[in-house]
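Numbering (UniProt numbering), first residue to last: 1 to 206.
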């Protein structure tokens with residue numbers, strides 16, 4: 001009988017309950033990590049897609065506005081330079097460093113809320129919270145569309161990087177000097193930012 005008990009003692013016993021629990025936790029963790037990797041390498045979330053799509057659109061819009069501003073400034077300058085004696089036909093190219101910055105008028109409403117507290121020692125403490133609510137000032141659009149547009153309170157000038165002037169009369173040193181000085185004076189540019197070139201008879205610069 002004693003030998004019978006000793007024989008059963010050496011047989012494998014059932015593992016403790018906590019080993020089963022640890023094994024289950026490891027398996028569950030592996031499954032969750034696999035699912036997370038699949039989701040991470042799958043399609044991006046809607047918010048990420050919207051942000052990635054909006055960023056190129058904003059950049060394209062800014063580049064388009066910059067080119068339109070440069071073209072408008074070039075046309076205005078060209079009209080002025082063409083009136084200089086001896087200039088002849090004139091073409092102007094403007095390179096901008098940055099487009100004009102606009103600041104819009106706002107109506108700001110500030111609300112304050114104060115709370116007075118007394119401590120056990122008889123002292124008083126006042127806590128004040130303030131909130132600001134700003135809304136754009138809108139005005140009727142004067143372009144006949146009947147809509148409204150925000151009021152611009154301040155607009156900075158675009159930063160000019162350089163100007164190239166091609167003129168028929170720029171082969172004359174005096175005319176070339178007058179054209180260069182006119183651009184420098186009008187836009188406050190340094191001499192190295194203005195290049196004046198003579199125009200070929202066919203209309204192409206040398």
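Backbone N, C-alpha and C define an ideal beta-carbon position, used for all residues, glycine too.
- Residue state for residue 172 is assigned as coil, using DSSP reduced to three classes.
- Cβ contact annotation for residue 65 (same chain, cutoff 7 Å, sequence separation greater than five): 99, in chain order.
- Using a C-beta cut-off of 8 Å, the region 120-136 makes no contact with the region 188-204, since fewer than three inter-stretch Cβ pairs fall below that distance.
- Residue range 194-198 is occupied by the beta strand (DSSP E) that includes residue 198.
- The region 164-173 makes contact with the region 85-101, as at least three CB pairs between them are under 8 Å.
- Annotated three-state conformation of residue 57 is helix, per DSSP.
- The DSSP-derived three-state label of residue 115 is strand.
- Cα atoms of residue 122 and residue 114: separation of roughly 19 Å, rounded to the nearest angstrom.
- About 7 Å separates the beta carbons of residue 163 and residue 92, which is inside the 8 Å limit, making them a contact pair.
- Restricting attention to 135, 112, 178, the CA atom closest to the CA of residue 83 is found in 178.
- Taking the Cα positions, residue 192 is about 42 Å away from residue 137.
- A direct Cα-to-Cα measurement between residue 110 and residue 150 gives close to 21 Å.
- Residue 180 sits in a helix when the DSSP states are folded into three classes.
- Boundaries of the beta strand (DSSP E) around residue 131: 124-136.
- Distance check between residue 148 and each of 155, 139, 156, 154 places 139 closest, using alpha-carbon atoms only.
- Cβ contact annotation for residue 182 (same chain, cutoff 8 Å, sequence separation greater than five): 80, 81, 84, in chain order.
- For the pair residue 101 and residue 70, the Cα-to-Cα distance works out to about 14 Å.
- Secondary structure of residue 100 (DSSP, three-state): coil.
- Secondary structure of residue 71 (DSSP, three-state): helix.
- Within the same chain, 115 come within 6 Å of residue 127 by CB-CB distance, once the 5 residues on both sides are set aside.
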